[in-house]
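In my numbering, the protein residues as written are 100 to 366.
Just so you know, even glycine gets a beta-carbon here, dropped at the ideal spot from N, CA and C.
First comes the structure, then the notes that go with it.
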């Protein structure tokens, strides 16, 4: 997913410096793209040679199937076997109120491999094709799911096993700190980032500012990442915000400091 980052950076740099010296800007942008694109192509080609799938991983089809999970019963009869097995496991998980249907594809994985006689990479490709067709046939349901995944990006979750902590006191302290302090602080920071981002973009469009500064790049790279992950997968989407969190914190505190400085100047 993060392959978009160097591409966007190169385009941003090109637009920022195009009028000053477009040949130099184009050369530097191409140079920036060279290593990440070459690395991505080399790794993807190796995967194609070994498992028959061109891409950084063969999991993309499974991820797309996760996005299609809530409306997978709408898959046409031509893929009845895959549809029925998937929906069976999804509904079974849904009946257990303590569990989320987001991981239904993994619950159905082994049975799907057995029933279709496909190896995991080929099964993933098949699921990806089915899911994309489903998105085309039901764009409203797809956009609804993307919206849910996008909102989940800004929430907070943690992957840990507190039950394995032997000391009850330490376990309670850590769990309490996360549940009542840390996750709420992180959530507030995310909300503030969205507020300041909208404010920043609104100012740019309102006054037609053509300055490609670092703040615009930062806002764009985070917002594009939040949309990109939402389009691809569904389930614990907040984990994708972690690589951006330092940028989010930086942007929020810069804006708070600027706001404080302006208020101090008026008083």
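Notebook entry, point to check: For residue 287, which option in 204, 344, 153, 188 has the closest C-alpha, if you only look at C-alpha atoms?
Noted result: Mapped onto the chain shown, residue 287 falls at position 188. Ranking the options by Cα distance to residue 287, first place goes to 344.
Note to self: Rounding to the nearest angstrom, what Cα-Cα distance links residue 276 and residue 253 in this structure?
What the structure shows: Counted from its first residue, the chain shown places residue 276 at position 177. Counted from its first residue, the chain shown places residue 253 at position 154. Their backbone Cα atoms lie some 20 Å apart in a straight line.
Margin query: Quick check on residue 216: buried or exposed, where buried means 16 or more other Cβ atoms within 10 Å of its Cβ?
Written below: Against the chain shown, residue 216 aligns to sequence position 117. Exposed: under 16 other Cβ atoms inside 10 Å.
Next item on the list: Leaving aside the five residues before and after residue 353 along the sequence, list all residues of the same chain whose C-beta is less than 8 Å from its C-beta, in chain order.
Entry: Numbered from its first residue, the chain shown carries residue 353 at position 254. Close CB contacts of residue 353 within its chain, under the 8 Å cut and outside five residues either way in sequence, are with 314 (chain order).
Check: What do you get for residue 151, buried or exposed, if any count of 16 or more other CB atoms within 10 angstroms of its CB means buried?
Finding: Along the chain shown, read from residue 1 onward, the residue named residue 151 stands at position 52. Label assigned to residue 151: exposed.
Checklist line | Supposed close pair residue 109, residue 132 - CB separation, criterion 8 Å | finding: The residue given as residue 109 occupies position 10 in the chain shown. The residue given as residue 132 occupies position 33 in the chain shown. At roughly 5 Å, the Cβ-Cβ gap stays under 8 Å, so residue 109 and residue 132 are in contact.
Notebook entry, point to check: If you run the structure through DSSP and keep just helix, strand and coil, what is residue 156?
Noted result: Within the chain shown, residue 156 is the residue found at index 57, counting from 1. Note: residue 156 maps to coil in three-state DSSP.
Check: Can you list, in chain order, the residues of its chain whose CB lies under 7 Å from that of residue 161, leaving out five sequence neighbours each side?
Finding: Taking the first residue of the chain shown as 1, we reach residue 161 at position 62. The residues are 204, 223, 226.
Check: Comparing alpha-carbon positions, which option in 283, 330, 115, 285 lies nearest residue 238?
Finding: On the chain shown, position 139 is the one that residue 238 refers to. If we check each option's Cα against that of residue 238, 330 comes out closest.
Note to self: I'd like the list of long-range same chain contacts for residue 348, defined as Cβ closer than 8 Å, with 5 residues on each side in sequence excluded.
What the structure shows: Position 249 of the chain shown, counted from the start, is the residue given in the question as residue 348. Excluding residues within five positions, the ones whose Cβ falls inside 8 Å are 288.
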